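Protein chains in written order, with our numbering: chain A, 1 to 352; chain B, 1001 to 1352.
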C-alpha cells in the first residue's frame, strides 16, 4: 500500500514511460473502452507506448461484468502476458475497477497502473484498491482489494468530458473537503467547477486525492476509518436507486452531493454540525447541481433502499456524520423518524 | 497471515463449531463436490453444522473453472451471504483452491476456512493462500493470494481415499522433509504410507504442514524463499504434461516424487548433495511409487515443457536445489546438457 506512487502530471506519456522503465520495461497492455480508444488514447501515443498492445472493451457500466472480464483475461493469456507484465488501465471507474480486478487475479496477480481519464475516477476510483465487477445486476459484487502499483493523475483529459461528468467528480472532492478540514473545504467552496480550468483544478485535485489516500492507508479493508469515505453515500445510493426505479437515472456524483446535504442535516441534528456551514454547503450544491426532487411519498422507498445498503451489518441504517468540517464520526445509527425529518429539512434547503 | 489458525484434530465437527462461535456465529455455507457430499459430509453432521447450507459442485479438476466458480458466487448471492458470512471449503485441492478464490472475491472478500479431506490438500493446498481456477485449459491461471481464516486438518477422512491418493499426498510430505532437515526426513523415510495408520500419520502431517506454513509466512507472494516449495516440481510438472500428452495421466504427487529424484541428481551434480542420500531417497521412491518410464526420445519434449513453466522469468530453466537435506538454494539455473545427464542418471536409479 505504501509503495504506491501517485503521479500528478500533464505529461502522461512521459510518466508511463518512466514507470515502465523503473519496472524493467515489462511487456505491457493498455486496457480501455471504445470511447477512450477513439478520443483519448491518441493524446498519449508516442515512444512511451511503443510495443504496448491494446485491449479494447465495450463502453459503459453494463459491460462491467464477467463476460468482459473474461475477455480481458483471455486477451492477456493469448498474447502471452506473464505475472511480470504490466496492465495499464486507461479510463473511468469502470475500467480502473475491472482492469484492477483483472490484474489482481491474472496468474494470481500481475502489476497494473491506473490512468484515470475522468475527474470522478481520478478522485475516487483510481486510488484505494477497490477493484471488481458487477454480478447478476449487483454493483461491485465480485472483486478484491488491490492497490495499483502507480496512479498517473492528469487533468489533461478532462476537456473531453461533458460538464455533468466534471461536476460529478467534483462532488467527491467536496466530500473529501468536508472530511479533511476547513482549509481544503474553503478552497473548494471558492471554486467554480463549471467554469473549470484544468490548470487551476490540478492543485485542488491533488489535495483531494491525498485525503483519500491517507484514509485508505490507515484502513485498507474498510474495518473502521475508511467508512468516513461513505459520507453522503448512504442517502446518495438511495437517491440513485430511486432514480433508477423511476427510469430517470442520475449521475453518481450528483447523488453524493445531494446525499451530503441530507447527511449534514443529520449531522446538525445529531452531532451539532454548525447550521451556517450547512446552509453554505446546501446553497453551493443548489447553485451548481440543482435539486433532486423528493416528496413525502418517497420516504418509505428511500428508507427501504438504505436498509439494504451492503455496508450495513444489520437492519439499522448506518451513517458517517460530522461534528464539524474535518471532524468525522463513523458508524452513526439514526432512527427512521430522524431521517424523515432530515428529508423534510433537505427539501426546505433545496427549495422543494 | 499470522492470524491463521491451524487446527489438528480428529473431531472436525467440534472444531468447526468452535471456529464459528469465535467468529460470532455468522451465517455459513459449506462448499463440497458430489463425492464429498455423499461420502464425507455425513461424518461431520451434527449441531456444529446446524443451519449451515450446502453448495455442491461437480467433482474433478475439469470443473475447476469459471462456470463452477460463477455458480458458487451465484448461490452465495441468492442465499443472502454477506461479507461477514463464512464459507467452509470441505474437500480436496480443487475445492480449497476454488472455494478460496470464491471467498476471496465475493463482495471483495468474505471469510473462509479450509477443511481438507485428502492428504494432498491437507499437506499442500489448504495452507499457503494460493487460490484459483483453471482458465482456457491452463492450470490455476486465474486466482489470488488469500489465506483461509483457519484450516482444520484431520486424518479421519483418509480412509475414504484410494491408496494412490494417500501416496500422492505423502510425496509432498517427503518434499517438505527434504526442505526441513534430517530429523523430519528420517521420520518420513522410516514410515510406510501404504500400511498407513491415521493415528501414526497425524504427528508427521503436523510437522509437515508446519514446514510449509513457516516458508509461506516468510514469503507469502513467492518472491524468493517460497520457491523452495517448488522442489521436485519443475521436473514433476514436465512429467505430468508428458503423461497427459500420452493420454495416460499420472497423479500429481507421484510426479513430484519422481521429479524430486531428478532434481536431487541435479543437486548432487551441481551442489554436492550427498550421493548416499540420493540413493536412499530414490530407493524409497522406487519401492513405494515405482518408476515413471522415460527414454532418450522424450528428453526434448520434457525440456520444452520445463522452459514454458509459468514459474520461469525467461527461457532459462529454474530449479530449487539442495546442498544437503535441509539446505536449500532457490533460483538455480541448470543448462540443458546437465539436465539430460540427470535424466540418464534418474533412469539408472529407477532401473529403467
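Idealized CB from N, CA, C, for every residue including glycine. It should be emphasised that the depicted structure is a prediction, and the values quoted were computed from it without experimental measurement.
I'd like the list of long-range same chain contacts for residue 257 of chain A, defined as Cβ closer than 6 Å, with 5 residues on each side in sequence excluded. 171, 285 and 289
Per-residue contacts from residue 1029 of chain B into chain A (C-beta, under 9 Å): What residue 1029 of chain B touches in chain A: nothing, since even the nearest Cβ is about 16 Å away.
Roughly how many whole angstroms lie between the Cα atoms of residue 1024 of chain B and residue 1083 of chain B? 14 Å
May I ask you to list, following chain order, the residues of the region 1095-1107 of chain B that have a beta carbon less than 7 Å from some beta carbon of chain A? 1104, 1105, 1106 and 1107
Please list, in chain order, the residues of the region 1062-1089 of chain B that have any C-beta partner in chain C closer than 9 Å. Here chain C cannot be found, since the structure's protein chains are A and B.
Between which residues of its own chain and residue 52 of chain A is the CB-CB distance below 6 Å, once the five residues before and five after are set aside? Taken in chain order, the residues that qualify are 28 and 30.
CA-CA distance, residue 1110 of chain B and residue 1150 of chain B? Distance between the alpha carbons of residue 1110 of chain B and residue 1150 of chain B: 13 Å.
May I have a chain-ordered list of the beta strand (DSSP E) segments no shorter than 3 residues that lie completely inside the region 82-140 of chain A? 86-91, 111-116 and 130-135
Anything in chain B within Cβ reach of residue 144 of chain A, meaning under 9 Å, just list it in chain order. 1104, 1105, 1108, 1109, 1144 and 1146
Is the region 154-167 of chain A touching the region 1116-1136 of chain B, taking contact as three or more C-beta pairs under 8 Å? no
Output needed for residue 1022 of chain B: all residues of its chain with C-beta closer than 6 Å, excluding positions within five of it in sequence on either side, in chain order. None.
Excluding the five sequence neighbours on either side, which residues of its own chain have a C-beta within less than 6 Å of the C-beta of residue 1347 of chain B, listed in chain order? none
Nearest chain B C-beta to residue 221 of chain A closer than 9 Å, yes or no? Taking Cβ atoms only, chain B reaches closer than 9 Å to residue 221 of chain A, which makes this a yes.
If you measure between the beta carbons of residue 59 of chain A and residue 115 of chain A, is that distance less than 9 Å? no
Using alpha carbons as the reference points, say which of A:213, A:264, A:204 and A:220 lies closest to residue 236 of chain A. A:264
Looking at the C-beta of residue 1197 of chain B, does it have a partner C-beta in chain A at a distance below 9 Å? no
Looking at the strands, I want to know which residues DSSP matches up with residue 1321 of chain B. B:1329
Can you tell me the Cα-Cα spacing of residue 120 of chain A and residue 1026 of chain B, whole angstroms? Approximately 36 Å, taken between the alpha carbons.
What separation, rounded to the nearest whole angstrom, lies between the Cα atoms of residue 1010 of chain B and residue 1183 of chain B? 25 Å
Proximity below 9 Å, CB of residue 1352 of chain B to CB of residue 1295 of chain B: Yes, the pair counts as a contact, with Cβ atoms nearer than the cut-off.
Take residue 41 of chain A and list the residues in its own chain whose beta-carbon comes closer than 8 Å to its own, dropping the five residues that flank it on each side. 30, 32, 54 and 90
Separation of residue 1147 of chain B from residue 1246 of chain B, as counted between CA atoms: 36 Å
Check whether residue 169 of chain A and residue 126 of chain A have beta carbons under 9 Å apart: no
Buried or exposed: which applies to residue 105 of chain A, given that a residue is buried once 16 or more other Cβ atoms fall within 10 Å of its Cβ? buried
Counting along the chain, where does the alpha helix (DSSP H) carrying residue 1255 of chain B start and finish? 1252-1271
Decide if the region 270-277 of chain A is in contact with the region 319-332 of chain A; the criterion is three or more beta carbon pairs, one per stretch, under 8 Å apart. yes
Start and end residues, alpha helix (DSSP H) containing residue 54 of chain A: No alpha helix (DSSP H) contains residue 54 of chain A, which is instead part of the beta strand (DSSP E) from 53-57.
Counting contacts by CB-CB distance shorter than 9 Å, is residue 320 of chain A in contact with chain B? no
Under DSSP, the beta strand (DSSP E) around residue 173 of chain A begins and ends at which residues? Per DSSP, residue 173 of chain A lies in no beta strand (DSSP E) segment; the continuous alpha helix (DSSP H) that holds it begins and ends at 163-180.
Taking the beta strand (DSSP E) that residue 1032 of chain B falls in, what are its first and last residues? Element bounds for residue 1032 of chain B: 1028-1033.
Does the CB of residue 212 of chain A have a neighbour CB from chain B at under 9 Å? So no, residue 212 of chain A is outside the interface.
Quickly, what does DSSP pair residue 1152 of chain B with across the bridge? List them, please. B:1007
Is residue 1174 of chain B near residue 1320 of chain B, with beta carbons less than 9 Å apart? no
When burial is assigned at 16 or more other CB atoms within 10 Å of the CB, is residue 1300 of chain B buried or exposed? exposed
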